[in-house]
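Student:
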Amino acid sequence: MSLYRPQFAYPTPEGFTDQDCDQYFDGYNAPALGQTGGPDWYYNIPLQIDKDADFLWRGIKIPNQPVDILNLGIQLRDPSGRYLTAGFVPVWLWGLQVSLNDGLTGGPGCILEPGIFCLKGSVILLDYQNLTTGGGAVDFAVVLIGVKRWPKSLCCGETCHA
Numbered sequence: 009m010s011l012y013r014p015q016f017a018y019p020t021p022e023g024f025t026d027q028d029c030d031q032y033f034d035g036y037n038a039p040a041l042g043q044t045g046g047p048d049w050y051y052n053i054p055l056q057i058d059k060d061a062d063f064l065w066r067g068i069k070i071p072n073q074p075v076d077i078l079n080l081g082i083q084l085r086d087p088s089g090r091y092l093t094a095g096f097v098p099v100w101l102w103g104l105q106v107s108l109n110d111g112l113t114g115g116p117g118c119i120l121e122p123g124i125f126c127l128k129g130s131v132i133l134l135d136y137q138n139l140t141t142g143g144g145a146v147d148f149a150v151v152l153i154g155v156k157r158w159p160k161s162l163c164c165g166e167t168c169h170a
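Residues in the sequence shown are numbered from 9 upward in steps of one, following my numbering.
#1: Given D60, which residues of its chain have a CB within under 6 Å of its CB, disregarding the five upstream and five downstream residues?
#2: When you compare each of S130, C29 and A149 to A66 by their alpha carbons, which one comes out closest?
#3: Keeping to the same chain, check which residues put their C-beta closer than 7 Å to that of L112; ignore five residues upstream and five downstream.
#4: In whole angstroms, give me the CA-to-CA distance for Y91 and K160.
#5: Since W65 is in the beta strand (DSSP E), which residue starts that stretch and which ends it?
#6: For L80, count neighbouring Cβ atoms within 10 angstroms of its own Cβ and tell me buried if that reaches 16, exposed if not.
#7: Would you decide whether I153 is buried or exposed? Buried here means 16 or more other CB atoms lie within 10 Å of its CB.
#8: Alpha carbon to alpha carbon, what distance is there between I124 and V155?
#9: Does the Cβ of T25 have 16 or more other Cβ atoms within 10 Å, making it buried, or fewer, making it exposed?
#10: Exposed or buried, Y136, counting other C-beta atoms within 10 Å across all chains shown (16 or more means buried)?
#11: State the start and end residues of the unbroken beta strand (DSSP E) segment that holds N138.
#12: Beta-carbon within less than 7 Å of L139's beta-carbon, same chain only, minus the 5 sequence neighbours each way: which residues are those?
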C-alpha cells in the first residue's frame, strides 16, 4: 500500500461527469495577449471560460512560440479575484512547453491542485509584463488545462461528454 495518493485523486461528485478540456487563449480570443513590448505591463486581461459547462482548472501551459517569450512575467487571478502569486512570475516557471516544431505539446505545465472551480462563463484575469527592458511586441498564448463538469441530467447516456 502506497503512502502517497495519486494526483487529482478527488472523485467527480455524484450526478456529474467530467470531460478533459483545454481552454486556449491567444491574440484572437484575448487580443491583449499580442500587445506586449518594452518595459510595459498590462493588467486585467480577461480569459473567459466557455459558457456551456463549469470548468475545474487544474493547470496552465504556455505553448512554445516562434518568438522569445522567456522575458515575460505573468500573474493570474481566479474568478473570485484572488491572485495565485504575489508578483509576476516568468513564463518558463508557469509551464512553458519546451518542444521543437510543436507549440501544443511538450512540458508538463504548472499544476494547480486540487484545482480551481470556475463557474461556466466566469473570467480569469491575467496580468503580464516584460521583465527586461526593450524588445518588440510579443504574441503569446495561454492554455488553461482542466475538465468541464457536466450535470448527468444534460447527458444522453453513460458515454455522453466522455
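In this text, a Cβ means the ideal position worked out from N, Cα and C, and glycines have one as well.
Tutor: On the basis of the coordinates in this document:
#1: Here residue 60 refers to the residue found at position 52 of the sequence shown. So no residue of the chain qualifies.
#2: Numbered from its first residue, the sequence shown carries residue 66 at position 58. Checking the sequence shown, residue 66 turns out to be Arg, not Ala. Among S130, C29 and A149, the Cα nearest to that of R66 is on C29.
#3: Within the sequence shown, residue 112 is the residue found at index 104, counting from 1. Only weak support is given to the placement of L112: the predicted model assigns it a pLDDT of 47, under 50, and the question is left unresolved by the model.
#4: Sequence index remark: in the sequence shown, residue 91 carries index 83 (1-based). Sequence index remark: in the sequence shown, residue 160 carries index 152 (1-based). If you take the alpha carbons of Y91 and K160, they lie about 32 Å apart.
#5: What you label residue 65 is simply residue 57 of the sequence shown in a count that begins at 1. That run of the beta strand (DSSP E) goes D62 to K69.
#6: On the sequence shown, position 72 is the one that residue 80 refers to. L80 is buried by the Cβ-count criterion.
#7: One-based indexing of the sequence shown puts residue 153 at position 145. Result: buried.
#8: Position 147 of the sequence shown, counting from 1, holds the residue named residue 155. Position 116 of the sequence shown, counting from 1, holds the residue named residue 124. Those two C-alpha atoms are separated by around 11 Å.
#9: Mapped onto the sequence shown, residue 25 falls at position 17. Buried, because 16 or more other Cβ atoms sit within 10 Å of the Cβ of T25.
#10: Taking the sequence shown and counting its residues from 1, the one referred to as residue 136 is at position 128. The residue is buried, with at least 16 neighbouring Cβ atoms inside 10 Å.
#11: The residue labelled residue 138 in the question sits at position 130 within the sequence shown. That run of the beta strand (DSSP E) goes V131 to N138.
#12: In the sequence shown, the residue the question calls residue 139 occupies position 131. So the qualifying residues of the chain are N79, L80, G81, F96 and P98.
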